[in-house]
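Participant: Residue numbers for the sequence shown, in our numbering: 6 to 120. Okay, handing you the structure first.
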Amino acid sequence: MAVEMHDDKEKSGMLASEYAFLVFAVLVMTEIMCVMALSMYRISPWLLRITGDQGEADRVTAAKKRYGTILQRTTVVATVTRRIVVSMDAGAFSTNLALSLGIALAAFLVPKPKV
């Protein structure tokens, strides 16, 4: 959307290129799902320990250890690839999308729960 609004005279290839839009949409959905899962894995153990459900908190922590690295790498790859697709489609790197990587990685700022 930022690319489309940037230049009124010239549209980006997004309107003409259905394949670029399809790839962009798949990457956005991948990123959203991974960020949601990572956020749940980071925040859930804290909430479960506060509510007194230690067994469930340990189960979530074990699942995070098992799947967390895969989700982190998938998030970073999807975000960077999405920016590359938009840059190739627009013909230039868009600094408006640079914030998206920070948002995707914000879940990593929550400290790990103490076991």
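Just so it is clear, CB atoms sit at the ideal spot from N, CA and C, and this is done for glycine as well. Owing to the predicted nature of the structure, the values given are computational and were not obtained by experimental measurement.
Quick one: is residue 43 buried, meaning 16 or more other Cβ sit within 10 Å of its Cβ, or exposed?
Facilitator: buried
Participant: Can you have a look at residue 24 and say buried or exposed, based on whether 16 or more other CB atoms are within 10 angstroms of its CB?
Facilitator: exposed
Participant: Give the straight-line distance between the Cα atoms of residue 67 and residue 86, rounded to the nearest whole angstrom.
Facilitator: 29 Å
Participant: With 16 other CB atoms within 10 Å as the buried threshold, where does residue 62 fall?
Facilitator: The residue is buried, with at least 16 neighbouring Cβ atoms inside 10 Å.
Participant: Would you kindly check if the distance between the Cβ of residue 45 and the Cβ of residue 65 is under 9 Å?
Facilitator: Yes. Within cutoff.
Participant: Sorted by chain position, which residues of the same chain lie with C-beta nearer than 8 Å to residue 53's C-beta, five sequence neighbours on each side aside?
Facilitator: 59, 61, 62 and 65
Participant: Is the CB-CB distance between residue 32 and residue 84 below 9 Å?
Facilitator: yes
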